[in-house]
Amino acid sequence: MFSAKVGDDCYGDDFSTNKLEQYCKDYFQVEDCIFLTSGTLSNQLAIKSITNPGDEIISHSLYHINFFESSQTSALCNVTLNLCEDDDGFLTKNRIEKALNKKARSPYYAKPKLVWIENSVAATGGKVYEISNLIEISNYCKNNNLHLHLDGARLFNASIASNLSVNQFANLVNSFSICFSKGLGAPFGSMLLGEKEFIDKARKYKKWFGGALHQSGILASSALYGLKNNFSRINKDHAKAKTFAESISKLPLVEVNNPETNIVIFSTKHININSYNFVEKAKDYGLLFFPWTKDSVRVTFHLEISDQMLIIAILKFKELWAEILKLKDNKSVNRHISNY
Ligand SMILES: *Cc1c(COP(=O)(O)O)cnc(C)c1O
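Under this note's numbering, residues 97 to 436 are what the sequence shown spells out, in order.
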């Protein structure tokens with residue numbers, strides 16, 4: 097990053113940004129792509145570039161565009177979300193068809209334009225789509241004139257976990273995004289990829305939304321480093337998540353997922369404490385967790401977590417859990433109303 101060759105991306109002459117975009121075009125075999133500050137911007141630009149105000153998106157309530165971005169999606173893009181709710185977090189051809197058919201359709205009403213998937217699915221603890229399911233969805237969308245977009249912020253995790261190349265997933269969709277700041281370990285950044293006409297629109301809206309940068313090469317160089325060097329090591333994060341989940345699953349009253357990738361999600365509802373208070377308490381033990389919903393906590397493993405840190409984390413978790421079990425019947429744990 098320190099020695100990155102830069103220019104001005106607003107004029108299209110930032111050397112390192114152009115190099116990263118060219119590398120991604122070749123690597124993912126797409127017509128065009130655009131380097132962005134975040135996965136969230138990538139999502140909003142994708143929606144804005146594909147839809148017209150009033151159009152409908154078919155997706156899942158657990159996906160990032162709804163779970164975190166429903167306000168942006170409605171306020172910036174003026175579209176409506178038609179969401180599946182199935183607990184496993186996946187769309188299927190049948191579920192899309194059901195969502196399509198549950199409303200009146202005619203030229204006067206909401207026009208379904210876009211089917212939006214996510215892989216891996218962050219909210220279900222990083223579960224990965226079956227490729228056979230994706231092939232069916234892809235064919236269905238083609239036959240029904242629906243644009244299929246993949247939020248691939250965690251696509252590298254999905255690829256490693258399923259032993260399929262990222263392109264085997266990406267080839268099935270009309271457009272997709274990746275994140276450099278998740279498994280790849282760069283400080284930030286995302287790439288939106290697809291056909292030239294789509295990316296041309298995204299380039300315009302990138303300016304509109306204030307996402308155009310000047311000497312972005314500093315960041316692009318770190319993103320390229322992540323892509324070249326940190327992809328193949330992601331299996332180490334998956335192994336750590338598995339070890340952590342298995343170790344804590346043996347404790348009393350623990351309900352935890354069986355992680356396919358690098359995300360562990362466990363429940364706090366059986367131990368009389370909400371997730372926000374649990375996460376605060378965990379800090380006393382040196383454990384940094386994320387309150388996912390009121391009753392569930394997320395733990396992610398990434399390249400900064402060493403083998404030794406994992407061992408300590410498991411030990412500290414056991415101590416923390418024991419303390420909370422002691423407090424379980426003492427309602428004071430939840431006395432402080434959280435700000436969340
Ligand atoms: C993290 C994430 C995003 C958003 O990326 P940011 O760079 O944090 O804005 C979008 N989608 C999914 C599935 C994610 O995991």
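Glycine is no exception: its CB is placed at the ideal position from the N, C-alpha and C atoms.
Can you tell me the Cβ-Cβ gap for residue i and residue j, rounded? I've got them flagged as a contact below 8 Å.
i: G307; j: T133; result: 6 Å
i: T136; j: G222; result: Rounded, the Cβ-Cβ distance is 18 Å, inconsistent with contact.
Got a sec? Which residues, its chain only, sit under 8 Å from residue i by beta carbon, not counting five neighbours each side?
i: T188; result: N229, E232 and I233
i: D109; result: G103
i: I410; result: T339, F340, S343 and I344
i: G285; result: F131, L132, T133, S134, C275, F276, S277, L315, A316, S318 and A319
i: H243; result: I146, K209, L210, V211, C237, N270 and S271
Output the boundary residues of the beta strand (DSSP E) element that contains residue i.
i: L244; result: H243 to G248
i: I130; result: D128 to L132
i: T188; result: Segment: none, T188 is in no beta strand (DSSP E) and carries neither H nor E.
i: K209; result: P208 to E214
i: L230; result: Taken as a continuous stretch (DSSP letters only), L230 belongs to no beta strand (DSSP E), being part of the alpha helix (DSSP H) at I227 to N239.
i: L286; result: Here the sequence assigns Ser to residue 286, which means Leu is not the residue at that position. Residues S286 to G290.
Among residues of its own chain, excluding the 5 on either side of residue i, which ones have a beta-carbon nearer than 6 Å to its beta-carbon?
i: K365; result: D391
i: Y159; result: E214
i: R191; result: C180
i: Q125; result: none
i: Y236; result: K189
i: S434; result: Reliability of the predicted coordinates at S434 is poor, the pLDDT of 43 falling under 50, and no value is obtained from them.
i: F327; result: F252
i: M97; result: I314, S317 and S318
i: Y436; result: With a pLDDT of only 38 at Y436, under 50, the local geometry of the prediction cannot be trusted, and no value is derived from it.
Please state whether DSSP places residue i in a helix, a strand or coil.
i: A409; result: helix
i: R394; result: strand
i: G135; result: helix
i: N162; result: helix
i: S273; result: strand
i: N174; result: coil
i: S255; result: helix
i: E342; result: helix
i: K303; result: helix
i: V375; result: helix
i: I359; result: strand
i: S155; result: strand
i: T399; result: Here residue 399 is Leu; the residue named in the question, Thr, does not match the sequence. Coil, per DSSP.
i: V352; result: strand
i: L179; result: strand
Can you give me the start and stop residues for the alpha helix (DSSP H) that residue i sits inside?
i: G313; result: G313 to N325
i: T389; result: Premise fails: T389 lies in the beta strand (DSSP E), F386 to T389, not in any alpha helix (DSSP H).
Compute every distance between the C-beta of residue i and the non-hydrogen atoms of ligand 1, then say whether any falls below 7 Å.
i: A249; result: yes
i: C173; result: no
i: N139; result: yes
i: N351; result: In the sequence under discussion, the amino acid at residue 351 is Glu, which differs from the Asn named in the question. No, the beta carbon of E351 sits no closer than 7 Å to any heavy atom of ligand 1.
i: G185; result: no
i: K346; result: no
i: G135; result: yes
i: H245; result: no
i: C275; result: yes
i: H398; result: no
i: H156; result: no
i: S255; result: no
i: K278; result: yes
i: S317; result: no
Excluding the five sequence neighbours on either side, which residues of its own chain have a C-beta within less than 7 Å of the C-beta of residue i, listed in chain order?
i: L179; result: S155, H156, S157 and N162
i: S145; result: F294, K297, A298 and Y301
i: W67; result: This structure cannot speak to residue 67, because the chain is shown only from 97 to 436.
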